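Contents: one structure, followed by commentary.
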Amino acid sequence: MRTGWADGPEFVTQCPIRPGGSYTYRFTIQGQEGTLWWHAHSSWLRATVYGALIIRPQQGHSYPFIKPKRETPILLGEWWNANPLDVVREATRIGKAPDLSDAYTINGQPGDLYGCSSRDTVIIPIDSGETNLLRVINAALNQALFFAVANHKLTVVGADASYTKPFTTTVLMLGPGQTTDVLISGDQPPARYYAAARAYASAYGVPFDNTTTSAILEYKSASCAVKNCALSIPVMPALPAFNDRATVTRFSQSFRSLRKVEVPTVIDENLFFTIGVGLKQGPNGTRFTASMNNVSFVLPSKMSILQAFEKSVPGVFTTDFPANPPLKFDYTGDVSRPLWQPVPGTKGYKLKFGSRVQVVLQDTNIVSPENHPIHLHGYDFYIIAEGFGNFNSKTDTAKFNLVDPPLRNTVAVPVNGWAVIRFVADNPGAWLLHCHLDVHIGWGLAMLFLVDNGVGKFQSIEPPPADLPLC
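The opening position of the sequence shown corresponds to residue 1015 in the working numbering, with each subsequent residue numbered one higher.
If you want it as structure tokens, here you go:
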């Protein structure tokens, strides 16, 4: 809270750290326990610059579930057999979609299904009778992923550093940026079992990396040592089909907060944002673009938005981001071609400190509908409902969960559907709301919330640090 200078997106809350330079991130953690992650937020650098950020209970407190014998971070990544910056630069130059990744990874290793890294396949230890905690993070750049462990059930107990009512599943789906904490029990015959991840590809007709990354859940019991389990071929999990929307929907709708929560019921700002991919005419022909409410976000280059916001510097951004789509249409039906070309701009929406905010995030059928992982910086939010088709404010409000909705920082907006989130704007600063598919944020699928200071020191952003990078 109040530490927006440590948020990280280039030209939003800071200028990029220059080669050979350094910057110390200082921030306050408040009310969060569980698994988060850190990553670079400059172009496609986060393809290889990321890691787990684990927040454990305060001293004297415990988990609200059985204490695990072991804890293992599972970071799902995406790999190009090339410099990722070269990949995105070439795509930007020609205006097309970037080359697909060559592999997915678990803790930096693709696994032995690729046939090139068998000796380095990640081992996840477990023993008979143990209950262990897996902290699963989707750090992939552009791909939602299914994750499963052969013959083992996973009990979900947390997501995005917030505890959930436990529920059991055989498969997880994580959009880029999402985390899920699960308990796994050593209740199977001692042996080796694959933990594997592969694509959930929701966009119709859009190519994707159709490979599978793997690690090995290996029992460490004495009986396994006698049988020399290390030489046995692991069992493979049954992963869903790449477009299994039904499994994703069941999984997504299973999340509930652990306890009854205080969801804002009186709303000060009722916002409706369309999201999706579009096309625009460029000097070399048609190019991909993306937008929210028909605005394609453009990063500044000479000063960060937060600096300009704090110092009231004109010309860096505007505050006229529309609260609703400039034109109403059948969002998930056949969309006419004139609606495919958004307007570029660096636009934000101003919020008074303490405002109670509701945002309807509506996917669109422009070019192709897709499951978009939408992430809000600086805040957690309640996901009070989601569904398919066009959101209807007269009938879909009956689906709102105002008792125990999940508290998250990234919502996977259903393909050709919608999600409704609520939060209280009590963290002053400039905060990016964006799709966590990095190809989409590069095309402009983002906007800004500009949250004013409140009253007094403890409702105001801290002064910028002395080592804040300069443009």
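Ideal Cβ placement from N, Cα and C applies to all residues, glycine included. Quick caveat: nothing in here was measured; it's all calculated off a predicted structure.
field: Straight-line gap, residue 1216 to residue 1144 (C-alpha atoms, nearest Å)
entry: As a working mapping, residue 1216 is identified with position 202 in the sequence shown. As a working mapping, residue 1144 is identified with position 130 in the sequence shown. One C-alpha to the other measures close to 36 Å.
task: Inspect the beta-carbon positions of residue 1347 and residue 1227 and report whether they are closer than 7 Å.
output: Residue 1347 sits at position 333 when you count from the first residue of the sequence shown. Residue 1227 sits at position 213 when you count from the first residue of the sequence shown. Going by C-beta atoms, residue 1347 is not nearer than 7 Å to residue 1227.
field: Residue burial classification, residue 1243 (beta-carbon count within 10 angstroms, cutoff 16)
entry: Numbered from 1 along the sequence shown, position 229 holds the residue referred to as residue 1243. Per the 10 Å Cβ criterion, buried.
Proximity of residue 1389 and residue 1289 at Cβ, strictly below 7 Å: Sequence index remark: in the sequence shown, residue 1389 carries index 375 (1-based). Sequence index remark: in the sequence shown, residue 1289 carries index 275 (1-based). No, they are not a contact pair.
message: Between residue 1092 and residue 1155, how many whole angstroms is the CB-CB distance? I'm expecting something under 8 Å.
response: By one-based count along the sequence shown, residue 1092 stands at place 78. By one-based count along the sequence shown, residue 1155 stands at place 141. Indeed they touch by this definition, with Cβ atoms about 5 Å apart.
task: Keeping to the same chain, check which residues put their C-beta closer than 8 Å to that of residue 1140; ignore five residues upstream and five downstream.
output: What you label residue 1140 is simply residue 126 of the sequence shown in a count that begins at 1. These residues qualify, in order along the chain: 1084, 1146, 1198, 1200, 1231, 1232, 1233 and 1234.
- prompt: Sorted by chain position, which residues of the same chain lie with C-beta nearer than 7 Å to residue 1123's C-beta, five sequence neighbours on each side aside?
  reply: Locating residue 1123 in the sequence shown gives position 109, counting from the first residue. Result list for residue 1123: 1131, 1134, 1135 and 1136, in chain order.
- request: State the start and end residues of the unbroken beta strand (DSSP E) segment that holds residue 1377.
  value: On the sequence shown, residue 1377 is found 363 positions in, with the first residue counted as 1. Element bounds for residue 1377: 1369-1377.
- prompt: Is residue 1104 buried or exposed, if buried means 16 or more other CB atoms sit within 10 Å of its CB?
  reply: Within the sequence shown, residue 1104 is the residue found at index 90, counting from 1. Label assigned to residue 1104: exposed.
- prompt: Which whole runs of the beta strand (DSSP E) in the segment 1325-1360 are 3 residues long or more, in chain order?
  reply: 1357-1359
- request: Please determine, among 1425, 1403 and 1378, the residue with the shortest C-alpha to C-alpha distance to residue 1395.
  value: Sequence index remark: in the sequence shown, residue 1395 carries index 381 (1-based). It is 1425 whose Cα lies nearest to the Cα of residue 1395.
- prompt: Got a sec? Which residues, its chain only, sit under 6 Å from residue 1306 by beta carbon, not counting five neighbours each side?
  reply: Position 292 of the sequence shown holds residue 1306. Only 1287, 1289 and 1461 meet the Cβ criterion.
message: Am I right that residue 1372 and residue 1284 are in contact with their C-beta atoms under 8 Å? What's the rounded C-beta distance?
response: As a first step, residue 1372 must be located in the sequence shown, where it is residue number 358. As a first step, residue 1284 must be located in the sequence shown, where it is residue number 270. Going by Cβ atoms, the distance from residue 1372 to residue 1284 rounds to 5 Å, so yes, they are a contact pair.
task: Could you tell me if residue 1042 is buried or exposed, where buried requires 16 or more neighbouring beta carbons within 10 angstroms of its beta carbon?
output: As a first step, residue 1042 is located in the sequence shown; it is residue number 28 there, counting from the start. Under this definition residue 1042 is an exposed residue.
field: As assigned by DSSP and simplified to three states, the class of residue 1454
entry: Along the sequence shown, read from residue 1 onward, the residue named residue 1454 stands at position 440. Here residue 1454 sits in helix by DSSP.
- request: Determine the direct distance from the alpha carbon of residue 1040 to that of residue 1152, and round the result to whole angstroms.
  value: Here residue 1152 is taken as the residue at index 138 of the sequence shown, counted from 1. Here residue 1040 is taken as the residue at index 26 of the sequence shown, counted from 1. Taking the straight line from one Cα to the other gives about 24 Å.
- request: Pull up the CB-CB distance for residue 1011 and residue 1173, whole angstroms please, since I reckon it's below 8 Å.
  value: The structure shown does not extend to residue 1011, since the chain spans only 1015 to 1485, so no value can be given for it.
query: Which of helix, strand or coil does DSSP assign to residue 1094?
result: Taking the first residue of the sequence shown as 1, we reach residue 1094 at position 80. Note: residue 1094 maps to coil in three-state DSSP.
query: Are there 16 or more other CB atoms within 10 angstroms of the CB of residue 1422, so buried, or fewer, so exposed?
result: Position 408 of the sequence shown holds residue 1422. Classification for residue 1422: buried.
Residue 1260: first and last residue of the uninterrupted beta strand (DSSP E) it sits in: Here residue 1260 refers to the residue found at position 246 when the sequence shown is read from its first residue. Segment 1259-1266 is the alpha helix (DSSP H) holding residue 1260; no beta strand (DSSP E) there.
- prompt: Can you tell me whether DSSP reads residue 1243 as helix, strand or coil?
  reply: For the purposes of this step, residue 1243 is taken as residue 229 along the sequence shown, with counting starting at 1. Note: residue 1243 maps to helix in three-state DSSP.
Supposed close pair residue 1355, residue 1313 - CB separation, criterion 8 Å: Position 341 of the sequence shown, counting from 1, holds the residue named residue 1355. Position 299 of the sequence shown, counting from 1, holds the residue named residue 1313. No, residue 1355 and residue 1313 are not in contact; Cβ-Cβ is about 20 Å, not under 8 Å.
query: Secondary structure at residue 1046, three-state DSSP: helix, strand or coil?
result: On the sequence shown, residue 1046 is found 32 positions in, with the first residue counted as 1. Coil.
message: Given this structure, state the Cα-to-Cα distance separating residue 1413 from residue 1399, to the nearest angstrom.
response: By one-based count along the sequence shown, residue 1413 stands at place 399. By one-based count along the sequence shown, residue 1399 stands at place 385. Spanning the two alpha carbons is a distance of roughly 6 Å.
message: Measuring alpha carbon to alpha carbon, tell me which residue in 1212, 1206, 1027 and 1376 is nearest residue 1238.
response: Working through the sequence shown from its first residue, we reach residue 1238 at position 224. Among 1212, 1206, 1027 and 1376, the Cα nearest to that of residue 1238 is on 1206.
query: By how many angstroms is the C-alpha of residue 1203 removed from the C-alpha of residue 1102?
result: As a position in the sequence shown, residue 1102 is number 88, starting the count at 1. As a position in the sequence shown, residue 1203 is number 189, starting the count at 1. Going from the Cα of residue 1102 to the Cα of residue 1203 covers about 46 Å.
- prompt: Per DSSP, which one or two residues make a beta bridge with residue 1139?
  reply: Within the sequence shown, the letter at position 125 stands for residue 1139. Per DSSP, 1232.
task: Flag this pair as yes or no: are the beta carbons of residue 1191 and residue 1450 separated by less than 7 Å?
output: Counted from its first residue, the sequence shown places residue 1191 at position 177. Counted from its first residue, the sequence shown places residue 1450 at position 436. In this structure, residue 1450 lies closer than 7 Å to residue 1191 by Cβ.
Helix, strand or coil at residue 1126 [DSSP, three-state]: Locating residue 1126 in the sequence shown gives position 112, where the first residue counts as 1. Here residue 1126 sits in helix by DSSP.
field: Cβ pair residue 1087, residue 1066 closer than 7 Å
entry: Residue numbering aside, residue 1087 sits at position 73 when the sequence shown is read from its first letter. Residue numbering aside, residue 1066 sits at position 52 when the sequence shown is read from its first letter. In this structure, residue 1066 lies closer than 7 Å to residue 1087 by Cβ.
message: Using only the alpha-carbon positions, how far apart do residue 1220 and residue 1099 sit?
response: Position 206 of the sequence shown holds residue 1220. Position 85 of the sequence shown holds residue 1099. Cα-Cα distance, rounded: 22 Å.
task: Go ahead and label residue 1475 buried or exposed: buried means 16 or more other beta carbons lie within 10 angstroms of its beta carbon, across all protein chains shown.
output: Reading the sequence shown from its first residue, position 461 is the one you call residue 1475. Label assigned to residue 1475: buried.
query: Excluding sequence positions up to five away, which residues of its chain have a Cβ less than 8 Å from the Cβ of residue 1265?
result: Position 251 of the sequence shown holds residue 1265. Within the same chain, residue 1265 has close Cβ partners 1183, 1185, 1186 and 1187.
field: Contacting residues, own chain, Cβ-Cβ under 6 Å from residue 1434 (five flanking each side not counted)
entry: Here residue 1434 refers to the residue found at position 420 when the sequence shown is read from its first residue. If we look at residue 1434 and ignore the five residues flanking it on each side, its Cβ neighbours are 1374, 1398 and 1399.
field: CB-CB length for residue 1417 against residue 1274, believed under 8 Å
entry: By 1-based counting over the sequence shown, the position of residue 1417 is 403. By 1-based counting over the sequence shown, the position of residue 1274 is 260. Their Cβ separation, rounded to whole angstroms, is 6 Å, which keeps residue 1417 and residue 1274 in contact under 8 Å.
message: Rounding to the nearest angstrom, what Cα-Cα distance links residue 1225 and residue 1456 in this structure?
response: Walking along the sequence shown from the start, residue 1225 turns up at place 211. Walking along the sequence shown from the start, residue 1456 turns up at place 442. Cα to Cα, the separation comes out at about 24 Å.
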